[in-house]
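Enquirer: Questions regarding the structure given below will be posed in turn.
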Amino acid sequence: MWAIQYCLCMQKISYARYRFPPEIIQHAVWLYFRFPLSYRDVEDLLAERTIDVSYETVRRWALKFGQAYARKLRKTRGRADGRWHLDEVFVSINGKRTYLWRAVDCEGEVLDVLVQSRRNKKAALKLMRKLLKNQGFVPDAFVTDKLPSYGAALKHLGLSKCHDFGGRKNNRAENSHLPVRQRERRMQRFKSRGSAQRFLSTHAAVYNTFNVQRHLISRKALRQFRGEAMSTWQSVTAVA
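Residue numbers (the numbering used here): 10 to 249.
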């Protein structure tokens, strides 16, 4: 059954009955999720290349193909590190305080994001169960801040011995919110919890693929990793 599901997820994406060539659709979606751009910014960048596409068309491409690309990109990632950092940050959606829960590994790889209305044990438990299900193993440590909800959720799961918190141990997760804050400002805030969840899940998959930690590697290694990232992108967006 798993093999059948994997093959279905890795099927080629169809661009049939679309007026524009697949290369233009792929490039527009890549621009939108890779850089802090609005739909109108992408429209202008394409117009500079004499490609006349409306921002509304870019939006529809991002919604449909962005999620399909993200699903396939997630399948290309290897096993996560055994030390998971969890954190939550509030975002304002339609004037209501909402919480963005995020989990990353020790290298900054985004493991999962979850938009929820609460900041309690139930919300923390939902994130942890989703993480354990998707990752398929129990990590060596859950690193969090001192929010009691994390300890209560881990105790409920019988994983209190894996809990590590205090000091600045969770800076990795806190720093991972910065790219999202940047996008939130550019988008003039999220419009709904559903749209926020869709965007953030897709953005995380693209971010993981192209986040090569360039400040820690040589120029030669950067060219290699960047080339591998683009090769991965081209393979998951390939024409059926």
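Beta carbons: idealized from backbone N, C-alpha and C, even for Gly.
Going by other Cβ atoms of all chains shown within 10 Å of its Cβ, with 16 needed for buried, is residue 107 buried or exposed?
Expert: With 16 or more other Cβ atoms within 10 Å, it is buried.
Enquirer: Please report the residue range of the beta strand (DSSP E) in which residue 102 lies.
Expert: 92–102 is the extent of the beta strand (DSSP E) around residue 102.
Enquirer: Could you check whether the segment 214–231 touches the segment 190–197, counting it as contact only if at least three pairs of C-beta atoms, one from each stretch, sit closer than 8 Å?
Expert: These segments do not touch.
Enquirer: For residue 65 and residue 148, what's the separation of their Cα atoms in angstroms?
Expert: Approximately 42 Å between the Cα atoms of the pair.
Enquirer: Taking 7 Å as the limit between beta carbons, can you name the residues of its chain near residue 68, skipping five residues before and five after?
Expert: The answer, listed in chain order, is 48.
Enquirer: Could you say which of 244, 241, 243 and 221 lies nearest to residue 234 if we only look at CA atoms?
Expert: The shortest C-alpha separation from residue 234 is found at 221.
Enquirer: Who are residue 22's beta bridge partners in DSSP?
Expert: Answer is 248, bridged to residue 22.
Enquirer: Please state whether DSSP places residue 108 in a helix, a strand or coil.
Expert: It is a strand residue.
Enquirer: What separation, rounded to the nearest whole angstrom, lies between the Cα atoms of residue 18 and residue 80?
Expert: In this prediction, residue 18 scores a pLDDT of 47, lower than 50, which makes its location untrustworthy; the coordinate-derived value is nonetheless stated afterwards. In a straight line, the C-alpha of residue 18 is about 7 Å away from that of residue 80.
Enquirer: How many Å lie between residue 242 and residue 23 at the Cα?
Expert: Using only the alpha carbons, I get a separation of about 16 Å.
Enquirer: Can you name the start and end residues of the alpha helix (DSSP H) that residue 212 belongs to?
Expert: That run of the alpha helix (DSSP H) goes 202–219.
Enquirer: In the DSSP assignment, the alpha helix (DSSP H) including residue 36 goes from what residue to what residue?
Expert: 31–43 is the span of the alpha helix (DSSP H), which, as asked, contains residue 36.
Enquirer: Which of helix, strand or coil does DSSP assign to residue 121?
Expert: Strand at residue 121.
Enquirer: Would you mind giving the Cβ-Cβ distance between residue 121 and residue 92, rounded to the nearest angstrom? I have them listed as a contact below 8 Å.
Expert: Not quite, the Cβ-Cβ distance comes to about 15 Å (not below 8 Å), so this is no contact.
Enquirer: Leaving aside the five residues before and after residue 143 along the sequence, list all residues of the same chain whose C-beta is less than 7 Å from its C-beta, in chain order.
Expert: The answer, listed in chain order, is 121.
Enquirer: To the nearest angstrom, how far is the alpha carbon of residue 130 from that of residue 159?
Expert: So the two alpha carbons sit approximately 7 Å from each other.
Enquirer: With burial defined as no fewer than 16 other Cβ atoms inside 10 Å of the residue's Cβ, what is the status of residue 94: buried or exposed?
Expert: Buried is the call here.
Enquirer: By Cβ distance below 7 Å, which residues in the same chain neighbour residue 11 in space, the five residues on each side in sequence not counted?
Expert: In this prediction, residue 11 scores a pLDDT of 38, lower than 50, which makes its location untrustworthy; no coordinate-derived value is stated.
Enquirer: Give the single residue among 62, 111 and 85 whose Cα lies nearest to the Cα of residue 246.
Expert: Nearest C-alpha to residue 246: 85.
Enquirer: Compare the Cα-Cα distances from residue 174 to each of 163, 196, 183 and 151 and report the closest residue.
Expert: It is 151.
Enquirer: If I measure Cβ to Cβ from residue 83 and keep anything under 7 Å in the same chain, skipping five residues before and after, which residues do I get?
Expert: Contacts found: 214.
Enquirer: Measuring straight from C-alpha to C-alpha, what distance separates residue 97 and residue 146?
Expert: If I take the Cα positions, the gap works out to 22 Å.
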